[in-house]
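Worksheet: the structure to be examined is printed underneath.
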Amino acid sequence: MLTYRGMVARYDPQKDHFNFIHAMGILKEEGYHFTCCLVGRDLNKDNKTLVDEIANFNLTKNILLLDQRLDVPVIMNGIDIHVLSSAYGEAFPNVVAESMSCATPNVVTDVGDAGFIVGDTGKVVTPRSPEKLAQAIRVFLITYENDPVKWSENCENAFIRARDNFDIKNMIEKYHFVWGI
Numbered sequence: 131m132l133t134y135r136g137m138v139a140r141y142d143p144q145k146d147h148f149n150f151i152h153a154m155g156i157l158k159e160e161g162y163h164f165t166c167c168l169v170g171r172d173l174n175k176d177n178k179t180l181v182d183e184i185a186n187f188n189l190t191k192n193i194l195l196l197d198q199r200l201d202v203p204v205i206m207n208g209i210d211i212h213v214l215s216s217a218y219g220e221a222f223p224n225v226v227a228e229s230m231s232c233a234t235p236n237v238v239t240d241v242g243d244a245g246f247i248v249g250d251t252g253k254v255v256t257p258r259s260p261e262k263l264a265q266a267i268r269v270f271l272i273t274y275e276n277d278p279v280k281w282s283e284n285c286e287n288a289f290i291r292a293r294d295n296f297d298i299k300n301m302i303e304k305y306h307f308v309w310g311i
């Protein structure tokens, strides 16, 4: 089964795209078929370092470099799994909640609030560990392929968690409550 994964994050050492690429290389070696899209500033064919890393893992035909875009919600709705493979320095990575609001589950590294954001609707792994990242993605893929009802429920739960906890209206109401406004 062909699946679509993605990562929306500018090209920066903090975001650790190489961790993601290595994890995808592991999954390809195991026989998984997929297409990934990388979206963000400097994620394009002119980024020789990135293109070379993708080629090193034999993923040139598997990874689309889409650069910075304005249609991120369309992309989030088109992928099965969103991955945030950051190595350090996250606070509240908005992209995780944004993907969840599109009913797209996440695999994230345990950096900043990423694990809190996904809660029990996502998978959280140690940063800089492509083996653990690949394992978490694999668990999602097994569910996706073998239990479509459970997968659908997980997608819905991701959406509900984002709506109930990170919707801007709810955040404003909580802010007003805390500050007595």
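All residue numbers for the sequence shown refer to my numbering, where the first residue is 131 and numbers rise by one.
Idealized CB from N, CA, C, for every residue including glycine.
| Check | Outcome |
| --- | --- |
| Hey, D146 and R258: beta-carbon distance below 8 Å or not? | yes |
| Please report the Cβ distance between M137 and S215, rounded to the nearest whole angstrom; I am assuming they are in contact, meaning their Cβ atoms lie under 8 Å. | 7 Å |
| Assign N295 to one of three DSSP states: helix, strand, or coil. | helix |
| Return the first residue and the last residue of the alpha helix (DSSP H) that F187 is part of. | From DSSP, F187 is part of no alpha helix (DSSP H); its letter is neither H nor E. |
| Count Cβ pairs between the segment 163-171 and the segment 189-207 that sit closer than 8 Å; are there 3 or more? | yes |
| Give the range of the beta strand (DSSP E) segment to which K158 is assigned. | Note, K158: premise wrong, no beta strand (DSSP E); alpha helix (DSSP H) at H147 to E159. |
| Quick check: what's the CA-CA separation for F148 versus E183? | 7 Å |
| Would you say R140 and V213 are within 8 Å of each other, going by their C-beta atoms? | no |
| My assumption, with CB atoms under 8 Å, is that N236 sits in contact with G252. Please give the rounded CB distance. | 4 Å |
| What's the C-alpha gap between N287 and R293? | 10 Å |
| By a C-beta neighbour count over all protein chains shown, 10 Å radius and 16 as the cutoff for buried, is P223 buried or exposed? | buried |
| Less than 8 Å between the CB atoms is what I'm expecting for I209 and T234, so what's the real figure, rounded? | 6 Å |
| Would you tell me roughly how many angstroms separate the C-alpha atoms of G245 and T133, rounded to the nearest one? | 23 Å |
| Alpha carbon to alpha carbon, how far is G125 from E275? | This structure does not reach residue 125, given that the chain is present from 131 up to 311, and the question cannot be answered. |
| From P278 to I272, what does the alpha carbon distance come to, in whole angstroms? | 10 Å |
| Please give the ranges of any beta strand (DSSP E) in the segment 168-227, keeping only runs that are unbroken, at least 3 residues long and fully inside the region. | 193-197 and 211-214 |
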